[in-house]
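Single-structure report; data block below.
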Amino acid sequence: MTRERPIGVFDSGIGGLTVVHALMRALPNERIVYFGDTARLPYGTKSSATIAGYAAQITEFLLKRDVKMLVVACNTMAAVALPVVTGLSPVPVVDVLDAGARAAAGVSRVGRVGVLATLTTVSSGAYERALRIHAPELHVVAKACPLFVPLVEEGWLDHPVTELTAQEYLRPVLAQGVDTLVLGCTHYPLLKPLLTRLVSDTTVLVDSAETTAARVAAVLQAQDLCRPPGDMPPAHEYHVTDVPQRFRAVGALCLGGPLPDVHLVRW
Ligand code: DGL
């Protein structure tokens, strides 16, 4: 039965668990198979060609697990490798970048949106393109924030170094009068409390994990793919390509609770 099948969610590492966390809250009946390419992260500094090859491999891995939908939780993969994923996939694909852009396009009152993301995502121009599909007149200011991922992985979510770094990154973006900021990387939703303190009360932060969960819910409903409630809570699966030090600590931060058992994938 298609509705019973799991949703495949993938990311360069464990940051994508922020999307899993949002999915679990929005769709508690759904079963999730997560794939994190922890051996090869970060993707955010790699070339498009390299990332496209990785994305193809992961897509094939998840399709073999009979998923009913693929969720590209990594903004960098969504920015540079989405056609590879959609080209291979017979099931619907939802990606974090499109979900964030759709949500942000309708939010700005002044027509100016800031995007915070990795270097590769910003260089690709993918957020500008996606935002302009939904709001052609929008002025988009994209800013690469390469230090945010290591700071989050260090657990420095509310640390003076992170605050100073964020002030530096935000200054040129806020100077352009944006009233909406897209958190365009898996790790950035964890910095929401700190970033909220640094922007004005009227600035809206668009959390791409939450917007992705909302988009997944909409697509499942539209295609009659929602898993009906069962007697038991859904059993999720987690696959990673390496278990580096601090893996569990960062995973728990992203998932908002202890990380369950993970399966190690050897290609
Ligand atoms: N998952 C990546 C993203 O959302 C961030 C981590 C990385 O660079 O691999 O862009």
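Using my numbering, the first residue of the sequence shown is number 10, and each one after it goes up by one. Think of the CB as a built atom: it goes at the ideal place given N, C-alpha and C, for glycine as much as any other residue. Computed from a predicted structure; not experimentally measured.
Item	Value
Helix, strand or coil at Gly62 according to DSSP, with G and I counted as helix	helix
Nearest-angstrom beta carbon gap, Leu207 and Leu166 [assumed within contact, 8 Å]	At roughly 13 Å, the Cβ-Cβ gap does not stay under 8 Å, so Leu166 and Leu207 are not in contact.
Rounded distance between the beta-carbons of Asp240 and Thr211, thought under 8 Å	Actually they do not touch by this definition, with Cβ atoms about 46 Å apart.
Alpha-carbon spacing of Asn38 relative to Leu32, whole angstroms	10 Å
Beta-ladder partner(s) of Phe44, from DSSP	Phe19, His248
Heavy atom of the ligand DGL within 7 Å of Gly24 beta-carbon	yes
Lys152 - partner residues in DSSP beta bridges	Leu125
8 Å Cβ cutoff met for His196 and Val150	no
Cα-Cα separation between Glu13 and Ala258, rounded to whole angstroms	31 Å
Distance CB(Tyr52)-CB(Ile41) smaller than 8 Å	no
Cβ contact (3+ pairs, closer than 8 Å) linking the stretch 75-88 and the stretch 17-33	yes
One or two residues paired with Val81 in a DSSP bridge	Phe19, Asp104
Alpha helix (DSSP H) segments (min. 4 residues) lying fully within the stretch 200-251	201-207, 217-231
Classification of Ala222 by the beta-carbon crowding that lies within 10 angstroms, buried from 16 upward	buried
Backbone CA spacing between Leu72 and Tyr43 [nearest angstrom]	12 Å
C-alpha distance - Gly109 paired with Thr205, whole-angstrom precision	18 Å
Beta-carbon separation (whole angstroms), Gly123 vs Lys152, contact threshold 8 Å	7 Å
Spatial distance of Asp251 from Gly120 (CA atoms)	42 Å
Beta-carbon gap between Gly323 and Val182 smaller than 8 Å	Here the chain comprises residues numbered 10 to 276, so residue 323 is not present and cannot be evaluated.
Limits of the beta strand (DSSP E) - the one that Thr189 falls within	189-193
DSSP beta-bridge partners of His272	His248
Contact under 8 Å by Cβ, Thr127 with Cys194	yes
Of the listed residues Val116, Thr68, Glu137, Ala114, nearest to Val103 (C-alpha basis)	Thr68
Nearest neighbour of Arg118, chosen from Val100, Leu106, Ala144 [CA to CA]	Ala144
Option nearest Gly265 by Cα separation, candidates Ile16, Gly24, Leu214, Ala139	Gly24
Alpha-carbon spacing of Leu160 relative to His245, whole angstroms	28 Å
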